[in-house]
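Structure first, then comments.
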Amino acid sequence: MRRLRRLGIDILGARNATLRDLVTQVPAPVAADMLGYSDQVTHHHAHLAAQPWHTYPARVRNTRLPDDRAYPNG
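The opening residue of the sequence shown carries number 447 in the numbering used here; numbering runs sequentially from there.
As C-alpha coordinates, this is what we get:
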(Lines of atoms letter the chains of each structure in order from A; the text may use other names.)
(Lines give C-alpha, C1' and ligand atoms only; values in the text may rest on other atoms or scores of the structure.)
Protein backbone atom coordinates (compact mmCIF):
# COMPACT_ATOMS: atom_id res chain seq x y z
CA MET A 447 0.00 0.00 0.00
CA ARG A 448 2.89 2.36 0.64
CA ARG A 449 4.05 1.86 -2.92
CA LEU A 450 0.63 2.81 -4.27
CA ARG A 451 0.58 5.91 -2.08
CA ARG A 452 4.07 6.87 -3.28
CA LEU A 453 2.77 6.59 -6.83
CA GLY A 454 0.05 9.09 -5.94
CA ILE A 455 -2.87 6.65 -5.92
CA ASP A 456 -5.61 7.59 -3.46
CA ILE A 457 -6.34 4.17 -1.98
CA LEU A 458 -9.32 5.27 0.09
CA GLY A 459 -10.80 7.16 -2.84
CA ALA A 460 -10.35 4.15 -5.13
CA ARG A 461 -11.98 1.84 -2.59
CA ASN A 462 -14.93 4.20 -2.09
CA ALA A 463 -15.42 4.70 -5.83
CA THR A 464 -15.35 0.94 -6.39
CA LEU A 465 -17.85 0.35 -3.59
CA ARG A 466 -20.20 3.02 -4.98
CA ASP A 467 -20.01 1.39 -8.39
CA LEU A 468 -20.70 -2.04 -6.90
CA VAL A 469 -23.84 -0.91 -5.07
CA THR A 470 -25.25 0.39 -8.34
CA GLN A 471 -25.00 -3.15 -9.73
CA VAL A 472 -26.11 -5.27 -6.75
CA PRO A 473 -28.32 -4.47 -3.75
CA ALA A 474 -26.48 -2.92 -0.81
CA PRO A 475 -27.16 -5.86 1.57
CA VAL A 476 -25.74 -8.31 -0.98
CA ALA A 477 -22.61 -6.16 -1.38
CA ALA A 478 -22.27 -5.99 2.41
CA ASP A 479 -22.50 -9.76 2.69
CA MET A 480 -20.03 -10.33 -0.16
CA LEU A 481 -17.44 -7.95 1.28
CA GLY A 482 -18.01 -8.48 4.99
CA TYR A 483 -19.10 -4.86 5.48
CA SER A 484 -21.97 -3.66 7.61
CA ASP A 485 -25.27 -2.89 5.93
CA GLN A 486 -24.94 0.71 7.09
CA VAL A 487 -21.70 1.20 5.12
CA THR A 488 -23.07 -0.20 1.87
CA HIS A 489 -26.40 1.63 2.25
CA HIS A 490 -24.45 4.86 2.78
CA HIS A 491 -22.50 4.27 -0.44
CA ALA A 492 -25.69 3.35 -2.28
CA HIS A 493 -27.20 6.64 -1.13
CA LEU A 494 -24.12 8.55 -2.28
CA ALA A 495 -24.11 6.75 -5.62
CA ALA A 496 -27.75 7.68 -6.26
CA GLN A 497 -27.41 11.22 -4.89
CA PRO A 498 -27.21 13.04 -8.24
CA TRP A 499 -30.21 11.20 -9.69
CA HIS A 500 -32.73 12.07 -7.01
CA THR A 501 -32.13 15.79 -7.60
CA TYR A 502 -33.15 15.60 -11.27
CA PRO A 503 -36.72 16.65 -12.01
CA ALA A 504 -39.08 13.81 -12.78
CA ARG A 505 -39.67 13.19 -16.45
CA VAL A 506 -43.26 13.78 -17.46
CA ARG A 507 -44.37 10.68 -19.28
CA ASN A 508 -46.48 10.98 -22.36
CA THR A 509 -49.74 9.24 -21.54
CA ARG A 510 -50.48 8.39 -25.15
CA LEU A 511 -49.04 5.70 -27.36
CA PRO A 512 -47.86 6.76 -30.83
CA ASP A 513 -51.15 5.61 -32.37
CA ASP A 514 -53.07 7.80 -29.88
CA ARG A 515 -54.23 4.97 -27.59
CA ALA A 516 -53.91 5.67 -23.88
CA TYR A 517 -51.39 3.67 -21.84
CA PRO A 518 -53.12 1.04 -19.67
CA ASN A 519 -52.22 2.92 -16.46
CA GLY A 520 -52.34 6.42 -17.98
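The C-beta atom is built at its ideal place from N, Cα and C for all residues, glycine as well.
Since we're looking at a predicted model, the values are computed, not measured.
For residue i, count neighbouring Cβ atoms within 10 angstroms of its own Cβ and tell me buried if that reaches 16, exposed if not.
{"i": "Thr477", "result": "The sequence shown places Ala at residue 477, rather than the Thr named in the question. Buried is the call here."}
{"i": "Ala474", "result": "buried"}
Going straight from the alpha carbon of residue i to that of residue j, what length do you get?
{"i": "Thr470", "j": "Arg449", "result": "30 Å"}
{"i": "Ile457", "j": "Arg466", "result": "14 Å"}
{"i": "His493", "j": "Ala463", "result": "13 Å"}
{"i": "Met447", "j": "Gly482", "result": "21 Å"}
{"i": "Gln486", "j": "Asp479", "result": "12 Å"}
{"i": "Ile455", "j": "His490", "result": "23 Å"}
Please list, in chain order, all residues of the same chain as residue i whose beta carbon is under 8 Å from its beta carbon, the five residues on each side excluded.
{"i": "Ala495", "result": "Arg466, Asp467, Val469, Thr470"}
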